[in-house]
Amino acid sequence: QSVLTQPPSASGTPGQRVSISCSGSRSNIGTNYVYWYQQLPGTAPKLLIYKNNQRPSGVPDRFSGSKSGTSASLAISGLRSEDEADYFCAAWDDSLGGYWVFGGGTKVTVL
Amino acid sequence: EVQLGESGGGLVQPGGSLRLSCAASGFTFTNYWMSWVRQAPGEGLQWVANIKEDGSEKYYVDFVKGRFTISRDNAKNSLYLQMNSLGAEATAVYYCARQVADYGGGKDVWGQGTTVTVFS
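Top line first, the protein sequences correspond to chains A and B.
Reminder that position 58 of the first sequence reads as 1343 in the working numbering, one-by-one numbering, no gaps.
Reminder that position 38 of the second sequence reads as 42 in the working numbering, one-by-one numbering, no gaps.
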């Protein structure tokens, strides 16, 4: 059972916009930054979004993040076949002495 | 090239121990917090522990406290995870990851992972 809640799956056709939600609580998303990671099949995770809505160098601007209250979302616009992957949200949680928490992941399928 | 490479995974019986290693290269290791994150087969990501640049602060997820120990040797650009009293739930791919302060702790570099299998 993950601390952050994500839908298990999402899908879209090429060119469409897909949005993935991430729900938490006051001790994590409500207080701290949200991060998003992309994991292509058989590979290590890759940082997509940091500090709620910032993209590391090299990440296309098709990926955008937002946060409101205790929820966050990742949007992928202009969906491409290479975006088919698992996406995980993450945040620092201030409870229990502090620890990083992840969502259970959302599998994005490009139809 | 900035790289992380894990090693030390393998098969271990319940109650056993393993020591994972992570070799860092291509960046100034002493400038970064480092983390261990694991992923059980077919499951999501689970943060395990992290350690400050100089090793003076360490944090663990609740269920590994007292059993796992994170450490680093800055002279060897290496990160370690000593895992004791292993149970089946520890079966996973273990990744080491670099945390970037400017990214608020976001983990921008990951290793390829090392697999730990606890079997009876």
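Where is the CB? At the ideal position from N, CA and C, for every residue including glycine.
Contact check for B/Gly110 and A/Tyr1320: beta-carbon distance about 5 Å, within the 8 Å limit, so the pair qualifies. In this structure, DSSP gives A/Asn1317 a state outside helix and strand, which the three-state scheme calls coil.
At a C-beta separation below 7 Å, B/Gly117 has these neighbours in chain A: Ala1329.
In terms of CA proximity to B/Phe31, B/Val113 leads the group B/Ala94, B/Thr95, B/Val113.
Among the bridge pairs identified by DSSP, B/Asn54 is matched with B/Ser39, B/Tyr63.
Assignment of beta-bridge partners to B/Ser89 by DSSP yields no partner. The Cβ neighbour count for B/Gly70, taken over all protein chains shown within 10 Å, is under 16; the residue is labelled exposed. For A/Phe1348, the uninterrupted beta strand (DSSP E) run begins and ends at 1348–1353, by DSSP. Under the criterion of beta carbons closer than 8 Å, A/Leu1325 and A/Gly1309 do not qualify as touching, at roughly 25 Å. Residue contact with chain B for A/Leu1332: present (Cβ-Cβ distance below 8 Å to some residue of chain B). Three or more Cβ pairs drawn from the region 1381–1388 of chain A and the region 49–58 of chain B lie within less than 8 Å of each other, which places the two stretches in contact. For B/Tyr98, no Cβ of chain A is located within less than 8 Å of the residue's own Cβ. In this model, A/Arg1340 and A/Gly1350 are separated by some 9 Å (Cα to Cα).
For B/Leu49, the nearest beta carbon of chain A is closer than 8 Å to its own beta carbon. Between A/Leu1381 and chain B, the shortest Cβ-Cβ separation is below 8 Å.
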